[in-house]
Structure formats: C-alpha cells, structure tokens
Amino acid sequence: MENADPTDRPSFGDRLREKLPEILIEACSVALAVVLALWASEWRDNRELDRDAAQRKQAVAAEMRGNLAELESARPMLQKNLDTARNYLKPENAEKTRSLEFNLQLSLLSAAAWNTAQSAESARRLESEWSIPVARTYELQALYQRQQELAMDTLAGLGAEGEDQPPSRRSVREMAHSISTLIELNEQLTAAYKQRL
Numbered sequence: 010m011e012n013a014d015p016t017d018r019p020s021f022g023d024r025l026r027e028k029l030p031e032i033l034i035e036a037c038s039v040a041l042a043v044v045l046a047l048w049a050s051e052w053r054d055n056r057e058l059d060r061d062a063a064q065r066k067q068a069v070a071a072e073m074r075g076n077l078a079e080l081e082s083a084r085p086m087l088q089k090n091l092d093t094a095r096n097y098l099k100p101e102n103a104e105k106t107r108s109l110e111f112n113l114q115l116s117l118l119s120a121a122a123w124n125t126a127q128s129a130e131s132a133r134r135l136e137s138e139w140s141i142p143v144a145r146t147y148e149l150q151a152l153y154q155r156q157q158e159l160a161m162d163t164l165a166g167l168g169a170e171g172e173d174q175p176p177s178r179r180s181v182r183e184m185a186h187s188i189s190t191l192i193e194l195n196e197q198l199t200a201a202y203k204q205r206l
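Take the sequence shown: its letters are residues 10 to 206, numbered as in the working numbering.
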C-alpha cells in the first residue's frame with residue numbers, strides 16, 4: 010500500500026476555485042427566490058389594497074344612494090311645512106289662524122361608509138379625483154344635518170310659547186326661514202349625490 014503524498018491533495022484555494030461557481034449559483038438562486046417572494050408578497054398586498062379601495066368606493070356609493078332616497082322622501086313634507094308656515098303668515102289669515110302644526114321629520118343620513126373609507130389602510134388608493142368631490146358632498150351633508158338641528162330647535166321654541174296662545178308671527182317666520190333653508194340644502198345635497206352616483 011502506497012502512502013498518499015499530502016502534496017498531491019488539492020490546496021484549499023484550488024478546492025475553493027473549483028466550488029466557487031456552484032456556491033455563486035446557489036447564492037444567486039437563494040437571493041432570486043427571496044426577491045421573487047418579496048415581489049409576490051408586495052404584488053398580493055397591492056392587489057388586496059386595490060380591491061379593498063374598490064369595495065370602499067362601492068360602500069360609499071351605496072350609502073349615498075340610501076341618503077339620496079332619504080332626502081327625496083323628506084322633501085314633500087318639508088314643502089308642506091313651509092306652505093303651512095307661509096299660509097299662517099299671510100295677512101288675510103292673521104286673525105283666522107289660531108293653531109299651527111308642523112310635522113318635521115329628520116332625514117337620517119349616514120356617513121359611516123365614508124368615515125370608514127377614510128380611516129382604512131386602502132385610503133391612499135382612493136384617487137383624489139374621486140375623494141375630493143365626495144368629501145365636499147359629505148361636508149354639505151353635515152351642513153344639512155346642522156340645519157335640521159336648527160329647524161328642530163326652532164320648532165321646539167314654537168312649542169315653548171304656550172299651548173293656550175297661537176305662535177308669534179316672528180317665531181313662525183323663523184320657522185319658515187329655517188325650513189326654506191333646509192329645502193335649499195336638500196336640493197343642493199340631492200344634486201351633489203346624483204352627480205357622484
């Protein structure tokens with residue numbers, strides 16, 4: 010048996026040179042796999058955010074349709090209340106009319122879908138061309154709701170004048186003005202909803 014000469018064995022440098030292509034190929038394969046996995050994850054996240062943004066837009070549109078129906082159903086009663094107030098204020102009715110009755114219904118308008126869409130992670134996916142006009146519509150809706158509250162306060166003031174005496178013309182004039190403003194805002198908000206839908 011012959012003893013192997015230690016000098017016949019390849020040196021570490023030679024072995025490294027021989028294995029280096031394999032090591033580089035494996036390292037590049039691992040790096041490529043990691044990059045592809047990260048890209049796929051990012052793509053999936055982006056797709057999910059886009060889908061969520063689209064669903065939020067649909068929810069806002071559905072909410073607006075519901076609010077629009079609520080506004081449209083309230084308008085005839087608002088007009089009837091305004092006509093009642095104007096009739097009461099006519100000079101020829103000053104002595105005849107001793108009682109007055111208003112049926113003021115609140116329009117229950119929602120902003121839940123819009124508020125949720127703004128706070129969602131996908132909010133940055135909502136284009137400004139869409140979100141700015143929608144935000145303005147909801148600002149108008151908030152103004153309408155404040156005017157409703159003012160009309161209810163004015164109506165409560167009418168009742169506080171006393172049951173045994175007719176409401177003052179000044180109070181009825183305030184009520185007519187409040188309802189008239191509410192009708193104008195109702196029409197503006199209805200038009201804004203229709204424009205967004």
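Where is the CB? At the ideal position from N, CA and C, for every residue including glycine.
{"Check": "Based on Cα-Cα distance, which residue from Leu80, Arg18, Trp123 and His186 lies nearest to serine 140?", "Outcome": "Trp123"}
{"Check": "Helix, strand or coil: which one does DSSP assign to glutamate 110?", "Outcome": "coil"}
{"Check": "Give me, in chain order, the residues of the same chain whose beta-carbon lies closer than 7 angstroms to that of alanine 201; leave out the 5 immediate sequence neighbours on both sides.", "Outcome": "Thr146 and Leu149"}
{"Check": "Is leucine 118 closer than 8 angstroms to glutamate 57 when the C-beta atoms are compared?", "Outcome": "no"}
{"Check": "Less than 8 angstroms separating the beta-carbons of leucine 87 and leucine 191?", "Outcome": "yes"}
{"Check": "Apart from the five residues on each side of it in sequence, which residues of its chain come closer than 7 angstroms, Cβ to Cβ, to glutamine 197?", "Outcome": "Leu149"}
{"Check": "Just how far apart, CA to CA, sit glutamate 130 and valine 44?", "Outcome": "24 angstroms"}
{"Check": "With 16 as the cutoff for other CB atoms within 10 Å, does glutamate 27 come out buried or exposed?", "Outcome": "exposed"}
{"Check": "For the putative contact between threonine 93 and phenylalanine 111, defined by C-beta atoms under 8 angstroms, what is the C-beta separation to the nearest angstrom?", "Outcome": "7 angstroms"}
{"Check": "Would the beta-carbon of leucine 194 fall within 8 angstroms of that of tyrosine 153?", "Outcome": "yes"}
{"Check": "Note down the Cα distance separating isoleucine 32 from phenylalanine 21, rounded to an integer number of angstroms.", "Outcome": "15 angstroms"}
{"Check": "Would you identify the three-state DSSP class for methionine 10, choosing helix, strand or coil?", "Outcome": "Because the pLDDT at methionine 10 is just 48, under 50, the model does not fix this residue reliably, and the value given afterwards should be weighed accordingly. The answer is coil: DSSP assigns methionine 10 none of H, G, I, E or B."}
{"Check": "State the Cα-Cα distance for the pair leucine 70 and arginine 205, rounded to the nearest angstrom.", "Outcome": "Correcting the residue type first, residue 70 is alanine in the shown sequence and not leucine. Answer to the nearest angstrom: the Cα atoms are 8 angstroms apart."}
{"Check": "From arginine 18 to serine 38, what does the alpha carbon distance come to, in whole angstroms?", "Outcome": "31 angstroms"}
{"Check": "Report the three-state DSSP secondary structure of glutamate 136 (helix, strand or coil).", "Outcome": "coil"}
{"Check": "Shortest alpha-carbon distance to serine 180 belongs to which of Arg84, Leu167, Ala144 and Asp59?", "Outcome": "Leu167"}
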